[in-house]
Ligand SMILES: [Zn+2]
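Numbering (this note's numbering), first residue to last: 612 to 819.
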């Protein structure tokens, strides 16, 4: 009797989700697959051997990627990053100014609508403000780091100027508001010197 034996790698799915497939050029479903080498007898796996690594595979085009492809944002996440980031920064600035000035609130709503949340209103603003009070200190790092990945330097400066104008809506920046602006700048990856430049230019523009 002829024995046919060999070694073969079998993969099994250990997870799934959505990711941005570079081959397809869009958000696709993936399978997270882990491989294991088997000793086979008559092409049937009989003895499990070593693990041989894992990968992410696009379910549409079949392309395999290293696991770190999952750290890249999907298109949907990128589209959410700007409104989410502006919302977090505008709320932080409003809080720093006390949150009750009608002019500052209007300015914040305009900034958030301008960043893509078309139906943002007073109710949403109050909800965001009270949520921000609950979670002290506010989480600026997460939403702003995600924005910073996508914004070139001039766009970061525009973003910061928008936030500073919220603080300026009811008069000069207070120390707390200035601190909030610097924190936003730092989380956007700007240097303290860049931040000072944008803040003072925006202040001059507001008083002119
Ligand atoms: Zn694909």
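Virtual Cβ for every residue (Gly too), placed ideally from N, Cα, C. Every value quoted in this text rests on a predicted model; they were computed, and no experiment measured them.
Residue 729 lies in the beta strand (DSSP E); which residues open and close that run?
Translated into positions along the chain shown, residue 729 becomes position 118. First-last for residue 729: undefined, no H or E at that position.
Is residue 674 near ligand 1, going by C-beta to nearest heavy atom under 8 Å?
Start at 1 with the first residue of the chain shown, and residue 674 comes out as number 63. Yes, the beta carbon of residue 674 sits closer than 8 Å to at least one heavy atom of ligand 1.
Identify whether residue 765 lies in helix, strand or coil by the three-state DSSP scheme.
For the purposes of this step, residue 765 is taken as the residue at position 154 of the chain shown. Annotated three-state conformation of residue 765 is helix, per DSSP.
Flag this pair as yes or no: are the beta carbons of residue 629 and residue 687 separated by less than 9 Å?
The residue given as residue 629 occupies position 18 in the chain shown. The residue given as residue 687 occupies position 76 in the chain shown. Cβ atoms of residue 629 and residue 687: closer than 9 Å.
For ligand 1, is there a heavy atom less than 8 Å away from the beta-carbon of residue 671?
What you label residue 671 is simply residue 60 of the chain shown in a count that begins at 1. Answer for residue 671: yes, Cβ within range of ligand 1.
Roughly how far, in whole angstroms, is the beta-carbon of residue 774 from the beta-carbon of residue 701, given that I think they are within contact range, below 8 Å?
For the purposes of this step, residue 774 is taken as the residue at position 163 of the chain shown. For the purposes of this step, residue 701 is taken as the residue at position 90 of the chain shown. Confirmed, about 6 Å.
Could you tell me the alpha carbon to alpha carbon distance between residue 705 and residue 735, rounded to whole angstroms?
Taking the first residue of the chain shown as 1, we reach residue 705 at position 94. Taking the first residue of the chain shown as 1, we reach residue 735 at position 124. If I take the Cα positions, the gap works out to 14 Å.
With contact counted as at least three CB pairs below 8 Å, one residue from each stretch, are the stretch 632 to 643 and the stretch 665 to 674 in contact?
yes
Rounded C-alpha distance that separates residue 732 from residue 695:
Locating residue 732 in the chain shown gives position 121, counting from the first residue. Locating residue 695 in the chain shown gives position 84, counting from the first residue. Distance between the alpha carbons of residue 732 and residue 695: 15 Å.
Can you tell me where the beta strand (DSSP E) with residue 705 in it begins and where it stops?
Counting from 1 along the chain shown, the entry for residue 705 is found at position 94. Residue 705 -> not in any beta strand (DSSP E); alpha helix (DSSP H) instead, spanning 686 to 707.
For residue 723 versus residue 698, is the C-beta spacing smaller than 9 Å?
Position 112 of the chain shown, counting from 1, holds the residue named residue 723. Position 87 of the chain shown, counting from 1, holds the residue named residue 698. Yes; because the gap between Cβ atoms is below 9 Å, this pair is in contact.
Is residue 791 near residue 707, with beta carbons less than 9 Å apart?
Position 180 of the chain shown, counted from the first residue, corresponds to residue 791. Position 96 of the chain shown, counted from the first residue, corresponds to residue 707. The answer is yes: Cβ separation under 9 Å.
Any non-hydrogen atom of ligand 1 within 8 Å of residue 793 CB:
The residue given as residue 793 occupies position 182 in the chain shown. Residue 793 Cβ: outside cutoff for every heavy atom of ligand 1.
Going by the CB atoms, is the gap between residue 796 and residue 806 shorter than 9 Å?
In the chain shown, residue 806 corresponds to position 195, counting from 1. In the chain shown, residue 796 corresponds to position 185, counting from 1. Contact annotation: residue 806 and residue 796 have beta-carbon atoms nearer than 9 Å.
Which partner residues does residue 640 have in the DSSP bridge list?
Counting from 1 along the chain shown, the entry for residue 640 is found at position 29. Beta-bridge pairing links residue 640 to 629.
Using the Cα positions of residue 693 and residue 675, report the straight-line distance between them to the nearest angstrom.
Residue 693 sits at position 82 when you count from the first residue of the chain shown. Residue 675 sits at position 64 when you count from the first residue of the chain shown. Cα atoms of residue 693 and residue 675: separation of roughly 30 Å, rounded to the nearest angstrom.
In angstroms, rounded to a whole number, what distance separates the CA positions of residue 751 and residue 717?
As a position in the chain shown, residue 751 is number 140, starting the count at 1. As a position in the chain shown, residue 717 is number 106, starting the count at 1. Rounded to the nearest angstrom, the two C-alpha atoms are 21 Å apart.
Given residue 772, which residues of its chain have a CB within under 7 Å of its CB, disregarding the five upstream and five downstream residues?
Against the chain shown, residue 772 aligns to sequence position 161. Cβ within range, chain order: 809 and 813.
Cβ pair residue 662, residue 678 closer than 9 Å
Walking along the chain shown from the start, residue 662 turns up at place 51. Walking along the chain shown from the start, residue 678 turns up at place 67. No, the pair does not count as a contact, with Cβ atoms beyond the cut-off.
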